[in-house]
Structure formats: C-alpha cells, structure tokens
C-alpha cells in the first residue's frame, strides 16, 4: 500500500477538474493518436513501395518541412480567429485528408508521388494544429494549473508516439493499409466531437489592425526584444541538439553499442518512451513559479550532460537503456518546462506567433541536430559527437544559471 501511494503521488490530474480542459484533453488523445498513425503509415507505405532509406527520409522531410516553413503563418492566424472554430476546422481538415487517402488507396494502388503529395498535404494541415493548441490551453486553465495542463499534454504526445506506430503495425497484420487511414479519419472525427463541447474562445483584443505580414514580424520582434524569451528559446535549441537529437539517433546507437538487432532497438525505444512519460509526470506536478521552473531546467540540462558521458565507455544494453530513459526524462522536462515558461511570459494577443517560434525550434531542431551530429559520428568520431553534446549541455546549464536571475528581474521591471 505504501508503494502504491508513492506511485500515485506521481499522478496529478488537477487540470482535468476543468470541464473545458477535460473536453480538450480527450480530443487531444484522439487527434494525437491519429497524427502519429498517419505519419507511420506514410513512412511504411513508402518503404513497401521503394525499400529505400532515401525515400523514407524524403517522406519524413515532407511531413516535417511544413512545421519549419509555415507554422509561423499559422501562428498569425491563431491570434486572429475564434480558437474553438479554428480547432474544429483544423481537425475536420485532418480527417478529410485521411479519408481522401483511404478512398484513393482503395481504388488505386498507391504510387510514390501520390504518397509524397498526400504526405506533404498531411504535414501542412498538421502544422496548423500546434499554434492553435498552444494558444488554446492557457485559455482553458489558470496560470497556476498551466504546468499541469502542459504536462498532461506531454504525456499524450509521448505515449502516442509509441502507441500509435505499434497499434498501426498490429492492425497491418489483420487489415489492408488503406483502412488504417480510415481509422485515423475516424479518430480525428472523434476529436471534432469532443471539441464541439468547448465554449467560444474569441481572439484577444488587438491594439490596432495590421496586415498578416506585419503581425508575423511583430511576433518575431516581441520574442527578440525579450531577453527572457530569448534565453528560454536558446535552452530549447540546445535541448533539440542534445537530448532530442541523440534520441533521433537511437537506431545508430543500437547498432553501435549493442548487437544491432530488433530486440535491442525495441528495448531502447521502450526506455525512451518510459523516460519521456515520467518526465511529463514530473512537469505535471509543478506550479507556475518561473524561478523554480528555470532552476529545474538548469539541473535537467546538467543532468543530461552527466548522463551522456557514460555512453562513451560502451555500456551493456540494459545500462544503455537506463541512460536513455534518464536522458529522455530530462529532455522532456526541459522541453515542457521551456514551453510553460514562454506561455507564462506571453499574453493572449500574441501567443500564437510566439509559440510558433518555439514549435519551429522544438520540432524542427532535432531533425537538424540529428543530421549534423550523425554526420560528425559518421565521418569523424562517435565519441566526438557525444563530447560535443556533453559540452553543449554543460554550456546550457551554466548560461541559464548565470542569466536566470538577471532576466527574471528585467521581466519584472517590464
């Protein structure tokens, strides 16, 4: 009983006491499962068609590229529209794209170009959702409960990232691939139904009307002029080049430090998923205290550096799995913590634009980091890559510790 109470202590669902957030939470479960299911299916069908790592990389880029390019424009849109309607239009569009994929592949054999085209469209529509969701959450809960709401969202994201591909892979053994797109469309439709129960959320009052381009520039200017936001964005960037990039390279880690078989990779992937969920649970227990959250990120960054270092000695798979679990836990704490800090420092009128910058770095950074770190490991030395990650994490912890009191004081003055 004692250990059960200790285990239950990890779980904090305070945000779910809000009826509005509860509707959003269940909608988010369905939509996030559907997004990851769709991404998995496009990659799997491309592999079936080509058996080429190159083309699998291309479809991954097609799904990710819109996040890097057009997310800021969707950030502008999310600051201008009624958020409930925006969510309904976005989810309906996601459902429509998935249903079109189902119908198309029922009647026609999927070609390489049809998969790439639909994958790119799927990625474009998906990229619209993140600024909407991040603008919506602070409107549903108070600032004190915001860390809990973000932590619960991180649990959904990280668990869906593991569950959806596994579920889709299991379904592939009993049904044709096109029917999985139909299931994804139905999951998006369920999310629409839950979000119809949200109250209307009109856009915040604007000082003056500007063009969309002027609004976009204003968002970047707001972030650039805030030393606090710049510091947290820097921590997000370092995290994306260290912990997040390392986890993107899990297949290479498995091949380098283990026997390189599917079982070892599955163990490392499971450890990564477990760590990210535990990290989200820890963040969900935090309050809206900026100083405490910055201290938490600083120690998590230092912990990441210290956990990366032992990988150099080539530990056995069960030790490597434990290290990956800890790195994933700390990575999630840094990522979710940085999101909360920027949310707490941004007002509703400009929130979508500022959070879209965070999204670009948090989601796009790991892909770029994995590319450069992977190149260093491939052409120079794997140990050099690990030492570079160690150095970056140490710098992040030192710089945050050095600057945090100053930027907090400046923000209070402003």
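Numbering (the numbering used here), first residue to last: 623 to 1036.
Yeah, the Cβ is synthetic: ideal placement off N, Cα and C, and Gly gets one too.
Delimiting residues of the alpha helix (DSSP H) encompassing residue i
i, result
"residue 701", "Run containing residue 701: none; DSSP gives neither H nor E here."
"residue 1003", "First-last for residue 1003: undefined, no H or E at that position."
"residue 843", "834-847"
"residue 866", "865-870"
The ligand GTP heavy atom lying under 7 Å from the CB of residue i
i, result
"residue 667", "Ligands displayed in this structure: none; no statement on the ligand GTP is therefore possible."
Three-state secondary structure assigned by DSSP to residue i
i, result
"residue 910", "coil"
"residue 967", "coil"
"residue 769", "helix"
"residue 655", "helix"
"residue 1036", "Reliability of the predicted coordinates at residue 1036 is poor, the pLDDT of 46 falling under 50, and no value is obtained from them."
"residue 732", "coil"
"residue 625", "A caution first: residue 625 carries a pLDDT of 48, below 50, which makes its placement in the model too unreliable to give a value."
"residue 637", "helix"
"residue 795", "coil"
"residue 673", "coil"
"residue 680", "helix"
"residue 823", "coil"
"residue 1027", "helix"
"residue 972", "coil"
"residue 818", "coil"
"residue 937", "coil"
"residue 764", "coil"
Residue-chain proximity (residue i, chain B), Cβ-Cβ < 8 Å
i, result
"residue 809", "No chain B appears in the structure shown, which is made up of a single protein chain."
Any contact of the stretch 854-862 with the stretch 738-756, i.e. 3+ C-beta pairs under 8 Å?
-> no
Counting pairs of beta carbons, one from the stretch 965-975 and one from the stretch 884-893, are three or more of them closer than 8 Å?
-> no
Length-filtered (4 minimum) alpha helix (DSSP H) runs lying within the stretch 688-728 | 693-700
Evaluate the contact criterion for the stretch 947-954 versus the stretch 838-856: three or more CB pairs, one atom per stretch, below 8 Å.
-> no
Cβ contact (3+ pairs, closer than 8 Å) linking the stretch 819-826 and the stretch 687-703 = yes
Touching or not, the stretch 712-730 and the stretch 797-810, by the rule of three or more beta carbon pairs under 8 Å?
-> yes
Does the stretch 842-854 come within contact of the stretch 932-940, defined as at least 3 CB pairs closer than 8 Å?
-> no
Three CB pairs or more closer than 8 Å across the stretch 786-794 and the stretch 645-664 = yes
Report yes or no: do three or more beta-carbon pairs, one from the stretch 769-784 and one from the stretch 983-993, lie closer than 8 Å?
-> no
Just checking, does the stretch 762-778 make contact with the stretch 894-913 on the three C-beta pairs under 8 Å criterion?
-> yes
Do the stretch 1018-1026 and the stretch 920-936 meet, that is, are 3 or more Cβ pairs less than 8 Å apart?
-> yes
How about the stretch 665-673 and the stretch 638-655: do they share at least three Cβ pairs that are nearer than 8 Å?
-> no
Counting Cβ pairs closer than 8 Å, one from the stretch 835-842 and one from the stretch 951-969, do we hit at least three?
-> no
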